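S.K.: I'd like to ask some things about the structure below.
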Amino acid sequence: MHDKPDEAVGWLIEEFLTARSTRKPSPHTLAAYRRDLTTVARLVAADGTTPLPLDRLAVSALSPRVMRAAFARFAAPRAAASVHRAWSTWNSFFTFLVAEGVVPGNPMPAVGRPRTPLPQPKPLRGEDTPEELLAAVAREDGRQRDPWPERDLAVLALALCAGLRLSELLALRVASVAGRAGERRVDVAGKGGRPRTVPIEAGVDRVLADYLDSRRRRFGARSVRPDSPLLVDRRGEPLRRGGLQYLVESCYRRAGIGDRVPRGARLHALRHTFATRLAEDGASAAEIMRLLGHASLASSQTYIEVTAGQQRAAVASNRTNRALAGLVGQREVR
Numbered sequence: 001m002h003d004k005p006d007e008a009v010g011w012l013i014e015e016f017l018t019a020r021s022t023r024k025p026s027p028h029t030l031a032a033y034r035r036d037l038t039t040v041a042r043l044v045a046a047d048g049t050t051p052l053p054l055d056r057l058a059v060s061a062l063s064p065r066v067m068r069a070a071f072a073r074f075a076a077p078r079a080a081a082s083v084h085r086a087w088s089t090w091n092s093f094f095t096f097l098v099a100e101g102v103v104p105g106n107p108m109p110a111v112g113r114p115r116t117p118l119p120q121p122k123p124l125r126g127e128d129t130p131e132e133l134l135a136a137v138a139r140e141d142g143r144q145r146d147p148w149p150e151r152d153l154a155v156l157a158l159a160l161c162a163g164l165r166l167s168e169l170l171a172l173r174v175a176s177v178a179g180r181a182g183e184r185r186v187d188v189a190g191k192g193g194r195p196r197t198v199p200i201e202a203g204v205d206r207v208l209a210d211y212l213d214s215r216r217r218r219f220g221a222r223s224v225r226p227d228s229p230l231l232v233d234r235r236g237e238p239l240r241r242g243g244l245q246y247l248v249e250s251c252y253r254r255a256g257i258g259d260r261v262p263r264g265a266r267l268h269a270l271r272h273t274f275a276t277r278l279a280e281d282g283a284s285a286a287e288i289m290r291l292l293g294h295a296s297l298a299s300s301q302t303y304i305e306v307t308a309g310q311q312r313a314a315v316a317s318n319r320t321n322r323a324l325a326g327l328v329g330q331r332e333v334r
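Note that the UniProt record's numbering gives residue 176 to position 176 of the sequence shown, counting from 1, and the numbers run on in steps of one.
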């Protein structure tokens with residue numbers, strides 16, 4: 001056994017975060033790891049008569065009993081999803097410590113965690129809403145100070161027809177769109193550093209080509225070198241998180257569909273629309289999983305289940321079914 005019981009928790013947290021950085025998580029993910037680890041560790045450190053700083057809290061103090069008590073206090077004011085995420089982070093932390101020979105075992109299986117239902121898809125509402133959105137954005141809007149419909153349409157096409165996440169859109173390079181005619185694809189740097197390839201059809205390819213042509217006219221040929229960011233703002237600078245979110249919001253306003261965008265989804269509603277339409281058109285959960293870059297099949301299965309529910313609701317709305325139900329009701333009364 002190579003455990004090192006006197007090593008400080010604060011220092012080990014930094015070691016763990018450094019090791020996770022090699023997987024290239026987003027800054028938000030890394031910040032969430034740090035927050036979950038330090039918040040629970042401080043609850044442990046503050047449990048004695050004299051609270052300890054994290055650089056003096058020994059890892060040997062993190063017994064199953066102590067961790068259960070700390071998580072009970074952590075969970076009291078928080079939602080189940082937050083507790084579940086923190087549990088997963090601590091489980092990964094202890095797995096790392098075991099692998100490094102710092103502790104002999106992982107106490108987290110002895111710590112309860114809430115079950116959290118998988119989030120339900122939130123696609124755009126309305127059968128023709130995606131088409132209305134694309135048509136509205138393709139038109140130049142005289143109210144805009146510097147309209148760039150080619151760029152805006154390219155963003156929407158990648159989200160609606162390739163299902164890319166916000167971070168994946170921002171990470172794209174010009175060379176990410178590759179392949180021969182008829183076999184075009186987007187090479188995506190997915191969540192957790194998992195790469196995937198998403199095929200694109202001729203319409204999306206044409207939209208992207210028109211966008212790059214318009215960019216050459218605006219900023220010159222050097223602006224579309226293979227290693228250049230694919231998506232840029234109106235100054236030719238790489239598009240950033242806030243700018244991309246604002247761009248999509250403005251597209252919704254221009255199309256007049258703000259009331260059809262589920263609350264809390266915004267840009268992600270485009271990705272959910274892509275996946276929901278795949279399911280409606282007969283794609284399997286495994287195919288959806290590969291195209292969306294899900295880590296588990298369960299996440300992809302939710303789209304299949306939602307579609308099945310929508311199909312049942314559509315059948316139930318058939319007036320012949322209602323008439324039949326009425327006939328059956330009359331027979332029962334007799």
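In this text, a Cβ means the ideal position worked out from N, Cα and C, and glycines have one as well. These numbers come from a predicted model, not from an experiment.
Fully enclosed by the UniProt domain "Core-binding (CB)" (7 to 98), which alpha helix (DSSP H) runs are 4 residues long or longer?
M.R.: Taking only runs of at least 4 residues, the alpha helix (DSSP H) segments lying wholly in the UniProt domain "Core-binding (CB)" (7 to 98) are 9 to 21, 27 to 45 and 64 to 75.
S.K.: Under the three-state reduction of DSSP, which class applies to Arg196: helix, strand or coil?
M.R.: Strand.
S.K.: Can you list, in chain order, the residues of its chain whose CB lies under 8 Å from that of Phe74, leaving out five sequence neighbours each side?
M.R.: So the list reads Thr39, Val40, Leu43, Val83 and Ala86, once near-sequence residues are dropped.
S.K.: Is the Cβ-Cβ distance between Asp227 and Arg173 less than 8 Å?
M.R.: Result yes, Cβ atoms of Asp227 and Arg173 sit closer than 8 Å.
S.K.: Can you tell which of Phe93, Ala46, Ser63 and Lys191 has its C-alpha closest to the C-alpha of Asp36?
M.R.: Comparing Cα positions, the closest option is Phe93.
S.K.: Look at the Cβ atom of Arg151, then the Cβ atom of Tyr246, and state whether they are nearer than 8 Å.
M.R.: Result no, Cβ atoms of Arg151 and Tyr246 do not sit closer than 8 Å.
S.K.: Which word fits His28, buried or exposed, when buried means at least 16 other C-beta atoms lie within 10 angstroms of its C-beta?
M.R.: With fewer than 16 other Cβ atoms within 10 Å, it is exposed.
S.K.: Please state whether the Cβ-Cβ distance between Asn91 and Met108 is less than 8 Å.
M.R.: Result yes, Cβ atoms of Asn91 and Met108 sit closer than 8 Å.
S.K.: Could you give the DSSP three-state label for Val261: helix, strand or coil?
M.R.: Val261 falls in the coil class under three-state DSSP.
S.K.: Excluding the 5 residues flanking Lys24 on each side, which residues of the same chain have their C-beta closer than 7 Å to its C-beta?
M.R.: Cβ within range, chain order: Gly193.
S.K.: In whole angstroms, what separates the C-alpha of Arg65 from that of Ala72?
M.R.: Each residue's alpha carbon lies about 11 Å from the other.
S.K.: Buried or exposed for Arg215, going by 16 or more other Cβ atoms inside 10 Å?
M.R.: Counting Cβ neighbours within 10 Å, Arg215 comes out buried, since at least 16 surround it.
S.K.: Any chance you could list the alpha helix (DSSP H) runs of at least 4 consecutive residues sitting entirely within the stretch 95 to 166, in chain order?
M.R.: Taking only runs of at least 4 residues, the alpha helix (DSSP H) segments lying wholly in the stretch 95 to 166 are 129 to 138 and 149 to 162.
S.K.: If contacts are defined as beta-carbon pairs under 8 Å, then Ala136 and Arg254 qualify, I think. What distance do you get, rounded to the angstrom?
M.R.: About 5 Å; that satisfies the 8 Å criterion.
S.K.: CB-CB under 6 Å to Leu153, same chain, minus the five flanking residues each way: which ones, in chain order?
M.R.: Only Val137, Ala138 and Val207 meet the Cβ criterion.
S.K.: With Leu57 and Gly10 assumed to form a contact (beta carbons below 8 Å), what rounded beta-carbon distance in angstroms separates them?
M.R.: Confirmed, Cβ separation roughly 7 Å.
S.K.: Taking the alpha helix (DSSP H) that Asp187 falls in, what are its first and last residues?
M.R.: No alpha helix (DSSP H) contains Asp187, which is instead part of the beta strand (DSSP E) from Arg185 to Ala189.
S.K.: Could you tell me whether the Cβ atoms of Arg184 and Gly190 are closer together than 8 Å?
M.R.: Result no, Cβ atoms of Arg184 and Gly190 do not sit closer than 8 Å.
S.K.: How is the alpha helix (DSSP H) around Ser250 delimited, first residue to last?
M.R.: Run containing Ser250: Arg241 to Ala255, per the alpha helix (DSSP H) assignment.
S.K.: Output yes or no for whether 8 Å exceeds the beta carbon distance between Ile257 and Glu127.
M.R.: Not closer than 8 Å, so no.
S.K.: Sorted by chain position, which residues of the same chain lie with C-beta nearer than 7 Å to Pro130's C-beta, five sequence neighbours on each side aside?
M.R.: Cβ neighbours of Pro130 beyond the five flanking positions: Leu124, Leu160 and Thr273.
S.K.: Return the Cβ separation of Gly163 and Leu244 in integer angstroms, given the expectation that the two are a contact with Cβ distance under 8 Å.
M.R.: Not quite, the Cβ-Cβ distance comes to about 15 Å (not below 8 Å), so this is no contact.
S.K.: Give the C-beta separation of Leu30 and Arg20 to the nearest angstrom, bearing in mind that I take them to be a contact with Cβ-Cβ under 8 Å.
M.R.: Indeed they touch by this definition, with Cβ atoms about 7 Å apart.
S.K.: In the structure shown, what three-state DSSP assignment does Arg235 receive?
M.R.: In the structure shown, Arg235 sits in coil (DSSP, three-state: anything other than H, G, I, E or B).
S.K.: Tell me the DSSP bridge mates of Pro229?
M.R.: Paired residues: Arg173.
S.K.: To which residues of the same chain is His268 closer than 8 Å at the C-beta, ignoring the five residues directly before and after it?
M.R.: Only Lys122, Arg165 and Leu166 meet the Cβ criterion.
S.K.: Using the C-alpha atoms, what's the distance from Leu158 back to Cys251?
M.R.: Using only the alpha carbons, I get a separation of about 14 Å.
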